[in-house]
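Report on one structure; see the data block that follows.
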Amino acid sequence: MKLKDPMSGLTHIIGAIFSVIATILLIYKSGNPFDPWKIFSFSIFGGGLFLLYTASTLYHWINVTGRAASILKRLDHMMIYVLIAATYTPICLVPLRGPWGLSLAVFIWGLAFFGILWKLFK
0 MKLKDPMSGL
10 THIIGAIFSV
20 IATILLIYKS
30 GNPFDPWKIF
40 SFSIFGGGLF
50 LLYTASTLYH
60 WINVTGRAAS
70 ILKRLDHMMI
80 YVLIAATYTP
90 ICLVPLRGPW
100 GLSLAVFIWG
110 LAFFGILWKL
120 FK
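Under numbering that gives the first Met the number 0, the first residue of the sequence shown is numbered 0, with each subsequent residue one higher.
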(Lines of atoms letter the chains of each structure in order from A and count residues from 1; the text may use other names and numbers.)
(Lines give C-alpha, C1' and ligand atoms only; values in the text may rest on other atoms or scores of the structure.)
Protein backbone atom coordinates (compact mmCIF):
# COMPACT_ATOMS: atom_id res chain seq x y z
CA MET A 1 0.00 0.00 0.00
CA LYS A 2 1.31 3.43 -0.94
CA LEU A 3 1.55 5.90 1.93
CA LYS A 4 -0.26 9.21 1.47
CA ASP A 5 2.39 11.48 3.05
CA PRO A 6 5.23 9.33 4.40
CA MET A 7 7.30 12.05 6.07
CA SER A 8 4.38 13.66 7.91
CA GLY A 9 3.17 10.24 9.00
CA LEU A 10 6.64 9.29 10.19
CA THR A 11 7.19 12.48 12.18
CA HIS A 12 3.74 12.19 13.75
CA ILE A 13 4.15 8.55 14.77
CA ILE A 14 7.47 9.53 16.36
CA GLY A 15 5.58 12.32 18.14
CA ALA A 16 3.00 9.80 19.39
CA ILE A 17 5.71 7.52 20.75
CA PHE A 18 7.62 10.37 22.38
CA SER A 19 4.40 11.78 23.86
CA VAL A 20 3.98 8.56 25.86
CA ILE A 21 7.61 8.62 27.02
CA ALA A 22 7.47 12.34 27.83
CA THR A 23 4.23 11.95 29.79
CA ILE A 24 5.74 9.21 31.93
CA LEU A 25 8.81 11.38 32.56
CA LEU A 26 6.67 14.44 33.30
CA ILE A 27 4.67 12.53 35.91
CA TYR A 28 7.81 10.96 37.39
CA LYS A 29 9.68 14.28 37.58
CA SER A 30 6.70 16.28 38.84
CA GLY A 31 8.06 16.05 42.34
CA ASN A 32 7.33 14.59 45.72
CA PRO A 33 5.16 14.03 47.56
CA PHE A 34 2.66 12.12 45.46
CA ASP A 35 0.24 14.68 44.01
CA PRO A 36 -2.88 13.20 42.38
CA TRP A 37 -3.73 16.57 40.76
CA LYS A 38 -0.43 16.55 38.87
CA ILE A 39 -0.72 12.90 37.88
CA PHE A 40 -4.28 13.38 36.63
CA SER A 41 -3.68 16.64 34.77
CA PHE A 42 -0.35 15.57 33.24
CA SER A 43 -1.98 12.30 32.13
CA ILE A 44 -4.76 14.27 30.43
CA PHE A 45 -2.15 16.44 28.70
CA GLY A 46 -0.12 13.42 27.59
CA GLY A 47 -3.25 11.63 26.43
CA GLY A 48 -4.22 14.67 24.37
CA LEU A 49 -0.79 14.73 22.75
CA PHE A 50 -0.98 11.02 22.00
CA LEU A 51 -4.48 11.27 20.51
CA LEU A 52 -3.53 14.22 18.31
CA TYR A 53 -0.36 12.59 16.99
CA THR A 54 -2.09 9.24 16.46
CA ALA A 55 -4.99 10.80 14.54
CA SER A 56 -2.54 12.85 12.49
CA THR A 57 -0.45 9.77 11.74
CA LEU A 58 -3.51 7.92 10.47
CA TYR A 59 -4.62 10.89 8.37
CA HIS A 60 -1.20 11.40 6.78
CA TRP A 61 -0.29 7.75 6.27
CA ILE A 62 -3.44 5.96 5.19
CA ASN A 63 -3.99 6.55 1.49
CA VAL A 64 -7.77 6.53 1.16
CA THR A 65 -10.25 8.69 -0.71
CA GLY A 66 -13.85 9.71 -0.38
CA ARG A 67 -15.68 9.19 2.89
CA ALA A 68 -12.78 7.43 4.63
CA ALA A 69 -10.43 10.34 3.87
CA SER A 70 -13.04 12.80 5.11
CA ILE A 71 -13.44 10.87 8.38
CA LEU A 72 -9.68 10.78 9.00
CA LYS A 73 -9.38 14.49 8.25
CA ARG A 74 -12.22 15.33 10.64
CA LEU A 75 -10.72 13.13 13.33
CA ASP A 76 -7.36 14.87 12.87
CA HIS A 77 -9.00 18.28 13.20
CA MET A 78 -11.14 17.26 16.19
CA MET A 79 -8.05 16.17 18.09
CA ILE A 80 -6.71 19.73 17.84
CA TYR A 81 -9.54 20.81 20.14
CA VAL A 82 -8.73 17.93 22.49
CA LEU A 83 -5.08 18.97 22.66
CA ILE A 84 -5.94 22.62 23.29
CA ALA A 85 -8.16 21.64 26.23
CA ALA A 86 -5.62 19.06 27.42
CA THR A 87 -2.93 21.76 27.41
CA TYR A 88 -5.05 24.00 29.63
CA THR A 89 -5.79 21.17 32.07
CA PRO A 90 -2.48 21.13 34.02
CA ILE A 91 -2.53 24.93 34.26
CA CYS A 92 -6.09 24.91 35.58
CA LEU A 93 -5.66 22.02 38.01
CA VAL A 94 -2.16 22.56 39.42
CA PRO A 95 -1.27 26.25 39.96
CA LEU A 96 -4.89 27.47 39.67
CA ARG A 97 -6.31 24.62 41.75
CA GLY A 98 -9.58 25.48 43.42
CA PRO A 99 -12.89 26.89 42.25
CA TRP A 100 -11.33 29.27 39.71
CA GLY A 101 -9.10 26.62 38.10
CA LEU A 102 -11.79 23.96 38.05
CA SER A 103 -14.32 26.40 36.55
CA LEU A 104 -11.83 27.42 33.86
CA ALA A 105 -11.05 23.76 33.06
CA VAL A 106 -14.76 22.93 32.71
CA PHE A 107 -15.26 25.99 30.50
CA ILE A 108 -12.28 25.13 28.25
CA TRP A 109 -13.37 21.50 27.92
CA GLY A 110 -16.89 22.70 27.11
CA LEU A 111 -15.51 24.85 24.31
CA ALA A 112 -13.46 21.89 23.07
CA PHE A 113 -16.57 19.71 23.12
CA PHE A 114 -18.47 22.21 20.98
CA GLY A 115 -15.48 22.52 18.64
CA ILE A 116 -15.45 18.75 18.23
CA LEU A 117 -19.19 18.71 17.53
CA TRP A 118 -18.74 21.53 15.02
CA LYS A 119 -16.07 19.55 13.14
CA LEU A 120 -18.08 16.35 13.41
CA PHE A 121 -21.24 17.76 11.85
CA LYS A 122 -19.69 20.39 9.56
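Where is the CB? At the ideal position from N, CA and C, for every residue including glycine.
Being a predicted model, the structure only gives us computed values, none of them experimental.
Pair within 8 Å by beta-carbon distance, residue i and residue j
i: Leu95; j: Leu82; result: no
i: Ile61; j: Lys3; result: yes
i: Lys37; j: Val93; result: yes
i: Tyr87; j: Asp75; result: no
i: Pro89; j: Phe44; result: yes
Exposure of residue i, with buried meaning 16 or more beta-carbon neighbours within 10 Å
i: Thr53; result: buried
i: Ile107; result: buried
i: Thr56; result: buried
i: Leu119; result: exposed
C-alpha distance - residue i paired with residue j, whole-angstrom precision
i: Leu101; j: Leu51; result: 24 Å
i: Met78; j: Gly46; result: 11 Å
Close-in-space but distant-in-sequence residues of the same chain around residue i (CB under 6 Å, 5 per side omitted)
i: Cys91; result: Gly100, Leu103 and Ala104
i: Thr22; result: Gly45
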